[in-house]
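Engineer: Heads up: the sequence shown runs through residues -21 to -1, 1 to 276, numbered per mature numbering (1 follows the signal peptide of the UniProt record, and there is no 0).
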Amino acid sequence: MRTTHLSSAMLGCSLSMSALAWNDVTTSYDTYTQPLFLHAYTETVQYSASSSAPLLAANADNELKENPLPLHLSGSSEKDWDYLLGQSYTILGLSVATVGLMTLLPESVTNWDEEDRNLSNLGKKWWDNVSAGPVWDEDAHYLNYIMHPYFGGVYYTAARHSGFNEWESFLYSATMSTFFWEYGVEAFAEVPSIQDIIVTPLFGAAVGEWMYQTEADITANGGEVMGSEKLGNISLFLLNPVGHIHYWMTNWWEGDTEVSFTYTPWFGNTEAANFALDAGANYDSAFIGLQVRLDLN
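#1: Tell me whether Ser56 is buried or exposed, calling it buried when 16 or more other Cβ atoms sit within 10 Å of its Cβ.
#2: Is the beta carbon of Tyr191 less than 9 Å from the beta carbon of Tyr151?
#3: Tell me which residues share the same chain as Trp189 and place their Cβ nearer than 8 Å to its Cβ, disregarding the 5 neighbours each side in the sequence.
#4: Which of helix, strand or coil does DSSP assign to Ser207?
#5: How many whole angstroms separate the CB atoms of residue 306 and Val170, which I take to be in contact at a CB cut-off of 8 Å?
#6: Return the residue from the list Met228, Ser207, Gly211 that minimises the CA-CA distance to Thr193.
#7: Kindly confirm or deny that the segment 140 to 148 and the segment 68 to 82 touch, where touching means at least three C-beta pairs closer than 8 Å.
#8: Here's the rule: buried if 16 or more other CB atoms are within 10 angstroms of the residue's CB, otherwise exposed. What is Thr249?
#9: What are the partner residues of Val114, as DSSP defines its beta bridges?
#10: Which residue comes first and which comes last in the alpha helix (DSSP H) that contains His127?
#11: Counting along the chain, where does the alpha helix (DSSP H) carrying Ala258 start and finish?
#12: So for Ala119, helix, strand or coil by DSSP?
#13: Apart from the five residues on each side of it in sequence, which residues of its chain come closer than 6 Å, Cβ to Cβ, to Ser74?
#14: Apart from the five residues just before and just after Gly167, which ones in its own chain have a Cβ nearer than 8 Å to its Cβ?
#15: What is the residue span of the alpha helix (DSSP H) that Pro220 lies within?
#16: Helix, strand or coil for Glu57 per DSSP?
#17: Going straight from the alpha carbon of residue 277 to that of Phe254, what length do you get?
#18: Using CA coordinates, which residue listed in Thr243, Ala252, Asp257, Met228 is at the minimum distance from Ile70?
#19: Contact defined as beta carbons within less than 8 Å: I believe His225 pairs with Gln66. What is the distance between those atoms, to the nearest angstrom?
#20: Starting from Tyr124, trace the alpha helix (DSSP H) in both directions and tell me its first and last residue.
#21: Return the first residue and the last residue of the alpha helix (DSSP H) that Leu150 is part of.
#22: Between the alpha carbons of Gly183 and Gly201, how many angstroms are there, rounded?
#23: How about Ser172 and Asp116: do their beta carbons lie closer than 9 Å?
#24: Val186 and Pro128 look like a contact to me (Cβ under 8 Å); what is the Cβ gap, rounded to whole Å?
Quick look at the structure:
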């Protein structure tokens, strides 16, 4: 729906498999570096060649060893629940940031009126929207039939890179698009959409598998598209934005990350609560907050 359009813009501004088909050990090694406008620091990735998965590279003795490509450029050889959970947290963080930003944008951009922007009584608004849906929305066709399949594909590739097969990745995409987005984040502002519930996971699975295989082709080509490393970097990012952002963020800190929800206004801080109430703030019994704790090493 409308919020998805802005989500795509945010992912672009924030600024990629099942076994890859490679040539044999006669293939040379290429290196590409992600441009600084896509990355806060310079990252060098070495591509290599082999005919089997997981990705393999030939060492000086012509013996095969596991390729060091990160998971967002390759994929786990077995189900990696921790990696999928980490990517899900990244999706959650991006979604919360998107909704927060949308409350600051003009109505001409978001189509949210003052009632939609009012963050008080969120619980009631969510329940009213969920109870009223799903409905046949009147969003633009490119939103319903281009952007939603794309984001369904983004969910799908997150599971594929975590070692899950096509059917399991479809189920993950359907769960995220329906319960996390339509009946979760977006339902705080809009009534769930019939088209989005069907189109996002169904078309998203087809789009997602194409995205996943296209990543393989680009990576096998040394990270280049039309002979350009920059086009290759941009393409890989767009084909797997969540994987790239998750990789960058987890490399910025190497400590533990804890994410938790709270249903207590002012996050249970008694002093802050007393200060707010004394200042005339209304106590909102329906409250949902997100706390993120980063343990930097």
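Think of the CB as a built atom: it goes at the ideal place given N, C-alpha and C, for glycine as much as any other residue.
Structural biologist: In brief:
#1: Exposed, because fewer than 16 other Cβ atoms sit within 10 Å of the Cβ of Ser56.
#2: Taking a C-beta distance under 9 Å as the contact criterion, Tyr191 and Tyr151 do not qualify as a contact pair.
#3: Counting only Cβ-Cβ distances below 8 Å, and skipping sequence neighbours, we find Gly132.
#4: Of the three classes helix, strand and coil, the one that applies to Ser207 here is strand, per DSSP.
#5: The structure shown does not extend to residue 306, since the chain is modelled only from -21 through 276, so no value can be given for it.
#6: It is Gly211 whose Cα lies nearest to the Cα of Thr193.
#7: The answer is no - the segment 68 to 82 does not touch the segment 140 to 148, with fewer than three Cβ pairs under 8 Å.
#8: The residue in question, Thr249, is exposed, as its Cβ has fewer than 16 Cβ neighbours within 10 Å.
#9: Paired residue(s): Ser172.
#10: Unbroken alpha helix (DSSP H) run through His127: 127 to 140.
#11: Unbroken run through Ala258: none, as it is neither H nor E.
#12: In this structure, Ala119 counts as coil in the three-state DSSP scheme.
#13: Cβ within range, chain order: Val164.
#14: It should be noted that the sequence gives Phe, not Gly, for residue 167. Listed in chain order, the non-local C-beta contacts of Phe167 below 8 Å within the same chain comprise Val78, Leu101, Lys104, Trp105, Asn108, local neighbours out to five positions each way being set aside.
#15: For Pro220, the enclosing alpha helix (DSSP H) stretches over residues 220 to 231.
#16: Correct three-state label for Glu57: coil.
#17: The structure shown does not extend to residue 277, since the chain is modelled only from -21 to 276, so the question has no answer here.
#18: The residue with the shortest Cα to Cα distance from Ile70 is Met228.
#19: Confirmed, about 5 Å.
#20: Counting along the chain, Tyr124 falls outside any alpha helix (DSSP H), and DSSP gives it neither H nor E.
#21: First-last of the alpha helix (DSSP H) with Leu150: 145 to 154.
#22: The straight-line gap from Cα to Cα measures roughly 27 Å.
#23: With contacts defined by Cβ atoms closer than 9 Å, Ser172 and Asp116 form a contacting pair.
#24: Between Pro128 and Val186 the Cβ distance is about 5 Å, and since that is below 8 Å, they are a contact.
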